[in-house]
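Visitor: Would you mind keeping the following structure in view while I ask a few things?
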Amino acid sequence: MKRLVTGTAALGAATLGYAAGIERRHWTLRTAELPVLASGARPIKILHVSDLHMLPSQVSKQRWVAELDRLEPDLVVNTGDNLAHRRAVPSVLRAFGPLLDRPGVFVFGSNDYYAPKPKNPARYLMPRGRKKRIHGRHLPWRDLRAAFLEHGWHDLTHVRRTITVAGQRIFAAGVDDPHLHRDRYVDISGRPDRDSVLRLGITHSPEPRVLDPFASDGYDLVLAGHTHGGQLRIPGYGALVTNCDLDRSRARGASRWGADMWLHVSAGLGTSPYAPVRFACPPEASLLTLVPRDEAPAKARKAARRKAASDVR
């Protein structure tokens, strides 16, 4: 019995050491091909970045994100939670670096507005209705927004906008963070521009109450973050929680939402500084290659018929 207890403790310590010391810095690029463009459109490459939760000391993360510019994306989509410290704005700008010279759109998440605070890790496993919301100090999101705008990125917070990407028209719209109940979909409701090759929606938290109207209005693709892919995943089971009302099967990757819309949820690149662990869920950015719906390969058409999210690399 003593050996069993000792062995179990040693295994737990080793797992925690791996989750905190190795995997949470195992920066990963995931790729997917999504059949969402209008017929005859040329492929578009989107770099989806989310949940940096940046601290000024996280130099390797900053370097890795900056190097993603080599992928030459046509559009950068940032779905929020960039900050984890009131002095992290310069660090976030260093991370995006050359990507700021490419077309970009963004919305913010709760951890752009408020700093993280210590919390009991067990609260993430509790039903959402039993959680008391805890806000930390206000963060300088306005400074970050001003810097993004200065570089030409578009703030899609409750905005509908047509932008030109790789010589093609994209209609894009977004909402403020549903996790904080700041979303006002009514401000962007209505059918998007049907002459665009893509109708793109973005939100930080992929709450079904926001995804449903995006789908009803006729959007082709919605990008979101927030879930951290579950952050702790059990092989063969998946995410334990999503920290929102999204089902666990969609905690990361691509899936269909309704008959015509795709959803892509990024597992993100960071963690709260008070829960710096990841297991079976490395930090990630995603390169999404968008292709016309009628030119999708058989594999993508088969995936489109599945409801559950597909983890793609």
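Note that my numbering gives residue 251 to position 251 of the sequence shown, counting from 1, and the numbers run on in steps of one.
Glycine included, C-beta positions come from ideal geometry on N, C-alpha and C.
Could you give the C-beta distance for residue 140 and residue 94, rounded to a whole number, given that I count them as a contact under 8 Å?
Guide: Their Cβ separation, rounded to whole angstroms, is 15 Å, which puts residue 140 and residue 94 out of contact at 8 Å.
Visitor: In angstroms with no decimal places, state the Cα-to-Cα distance between residue 290 and residue 49.
Guide: Straight-line Cα distance between these residues: approximately 16 Å.
Visitor: Give the DSSP bridge partners of residue 58, in chain order.
Guide: None, per the DSSP bridge assignment.
Visitor: Could you tell me the distance, in whole angstroms, from the CA atom of residue 308 to the CA atom of residue 110?
Guide: Note that residue 308 scores 37 on pLDDT, short of 50, meaning its location in the model is unreliable; the coordinates nonetheless yield the value given after this. Rounded to the nearest angstrom, the two C-alpha atoms are 27 Å apart.
Visitor: Residue 224 and residue 197 - do their beta-carbons sit closer together than 8 Å?
Guide: Contact: no.
Visitor: Could you spell out where the beta strand (DSSP E) holding residue 315 opens and where it closes?
Guide: What the structure shows of the chain is the stretch from 1 to 313, and residue 315 is not part of that stretch, so it cannot be assessed.
Visitor: Taking only the alpha-carbon atoms, compute the straight-line gap between residue 275 and residue 255 and give it to the nearest angstrom.
Guide: Using only the alpha carbons, I get a separation of about 28 Å.
Visitor: Just checking: is the beta-carbon of residue 290 within a distance shorter than 8 Å of some beta-carbon in chain D?
Guide: Structure shown: chain D not included; a single protein chain is present.
Visitor: CB residue 222 to CB residue 203, shorter than 8 Å?
Guide: Cβ distance < 8 Å, so residue 222 and residue 203 count as in contact.
Visitor: Label residue 207 either buried or exposed according to how many other C-beta atoms from any shown protein chain fall within 10 Å of its C-beta, with 16 as the threshold for buried.
Guide: Under this definition residue 207 is a buried residue.
Visitor: Thinking C-beta only, is residue 158 closer than 8 Å to residue 188?
Guide: Going by C-beta atoms, residue 188 is nearer than 8 Å to residue 158.
Visitor: Where does residue 235 land, buried or exposed, given buried means 16+ other C-beta within 10 angstroms?
Guide: By the 10 Å Cβ count, residue 235 comes out exposed.
Visitor: Using only the alpha-carbon positions, how far apart do residue 184 and residue 215 sit?
Guide: Their Cα atoms are separated by approximately 16 Å.
Visitor: Residues in its own chain within less than 7 Å of residue 145 by CB, not counting five upstream and five downstream?
Guide: Cβ within range, chain order: 155.
Visitor: Roughly how many angstroms separate the alpha carbons of residue 76 and residue 237, rounded to a whole number?
Guide: Cα to Cα, residue 76 sits roughly 31 Å from residue 237.
Visitor: Report the option in 112, 32, 263, 102 whose CA atom is closest to the CA atom of residue 176.
Guide: For the residues 112, 32, 263, 102, the minimum Cα distance to residue 176 belongs to 112.
Visitor: Do you know whose CA, among 190, 31, 240, 107, lies nearest residue 179's CA?
Guide: The option with the nearest alpha carbon to residue 179 is 107.
Visitor: Which residue wins for smallest C-alpha separation from residue 232, given the options 91, 273, 282?
Guide: Answer by Cα proximity: 282.
Visitor: Is residue 6 helix, strand or coil when you go by DSSP?
Guide: Caution applies to residue 6, whose pLDDT of 40 falls short of 50 and renders its modelled position unreliable; the value that the coordinates give is listed next. In the structure shown, residue 6 sits in a helix (DSSP, three-state: H, G or I).
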